[in-house]
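Report on the structure given below.
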Amino acid sequence: SGLTEEQEALVVKSWNSVKKNSGELGLKFFIKIFEIAPSAKKLFSFLKDSDVPLEQNPKLKPHAVTVFVMTCESAVQLRKAGKVTLKESSLKDLGATHFKYGVVDEHFEVTKYALLETIKEAVPEMWSPEMKNAWAEAYDQLAAAIKIEMKPPS
Ligand code: HEM
Ligand code: ISQ
13 SGLTEEQEAL
23 VVKSWNSVKK
33 NSGELGLKFF
43 IKIFEIAPSA
53 KKLFSFLKDS
63 DVPLEQNPKL
73 KPHAVTVFVM
83 TCESAVQLRK
93 AGKVTLKESS
103 LKDLGATHFK
113 YGVVDEHFEV
123 TKYALLETIK
133 EAVPEMWSPE
143 MKNAWAEAYD
153 QLAAAIKIEM
163 KPPS
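Residue 154 in the UniProt record's numbering sits at position 142 of the sequence shown, with consecutive numbering throughout.
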């Protein structure tokens with residue numbers, strides 16, 4: 013089900029206030045995931061095959077920022093249309109990629125926790141239970157849409 017205008021506004025407002033530091037935010041996001049689930053590092057090709065330290069890896073930040081941007085976009089779609097309206101082809105691609113790299117439900121849970129914590133730490137003065145719920149809802153529905161497509165490509 014959808015997001016209210018108020019929930020969408022909470023997500024967009026907090027994202028607008030942190031996105032100028034999105035590189036740093038992305039790094040924190042990744043580090044949190046790997047603190048909780050160190051083995052998840054092996055899933056990412058650009059980390060597995062890399063000699064440079066995590067924080068110097070050029071691919072890491074843009075990748076992590078994508079997850080924030082897509083969650084924020086999902087909040088907008090959920091308010092406008094009551095559902096995640098990513099193009100079917102991109103959902104299929106995302107599903108196939110995550111399937112191929114061996115992502116499982118537990119990874120989605122850890123990533124959700126890390127995403128919420130990262131935003132909370134970035135906007136402590138704005139953070140509220142309502143804001144947390146709005147981000148959680150947008151993430152859950154985006155994750156659900158990806159999971160439906162997590163199967164071998166046909
Ligand atoms: C790749 C988004 C959840 C692991 C990607 C890509 C996007 C993305 C846009 C790039 C796809 C491409 O290159 O074609 C998301 C979103 C998520 C999510 C929006 C949640 C709502 C997760 C989770 C994990 C994960 C939970 C595991 C911890 C990966 C891996 C790749 C990937 C391993 C491939 C990276 C590589 O190229 O080596 N994801 N992702 N993702 N994602 Fe996610
Ligand atoms: C999930 N998919 C792609 C990139 C990511 C970066 C950070 C955390 C989770 C991710």
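Ideal placement from N, C-alpha and C gives every residue a C-beta, glycine not left out.
Local conformation of residue i per DSSP, three classes
i	result
residue 136	coil
residue 15	coil
residue 164	coil
Close-in-space but distant-in-sequence residues of the same chain around residue i (CB under 6 Å, 5 per side omitted)
i	result
residue 139	132
residue 165	108
residue 72	42
Proximal residues to residue i (C-beta, below 7 Å), its chain only, five neighbours per side dropped
i	result
residue 129	44
residue 62	69
residue 158	103, 106, 107 and 110
residue 143	22 and 26
Span separating the alpha-carbon of residue i from that of residue j
i	j	result
residue 86	residue 104	16 Å
residue 74	residue 96	22 Å
residue 55	residue 113	6 Å
residue 98	residue 20	17 Å
residue 134	residue 65	23 Å
residue 154	residue 78	13 Å
residue 161	residue 101	10 Å
residue 76	residue 39	7 Å
residue 52	residue 147	22 Å
Same chain only: Cβ atoms within 8 Å of residue i, ignoring 5 sequence neighbours per side
i	result
residue 91	14, 15, 16, 17, 19 and 20
Query - 4 or more residues per run - each alpha helix (DSSP H) lying fully within the segment 29 to 117 - result: 34 to 48, 57 to 60, 72 to 93 and 100 to 112
Query raised in the report: Does the segment 29 to 48 come close enough to the segment 119 to 129 to have 3 or more Cβ pairs within less than 8 Å?
Result: yes
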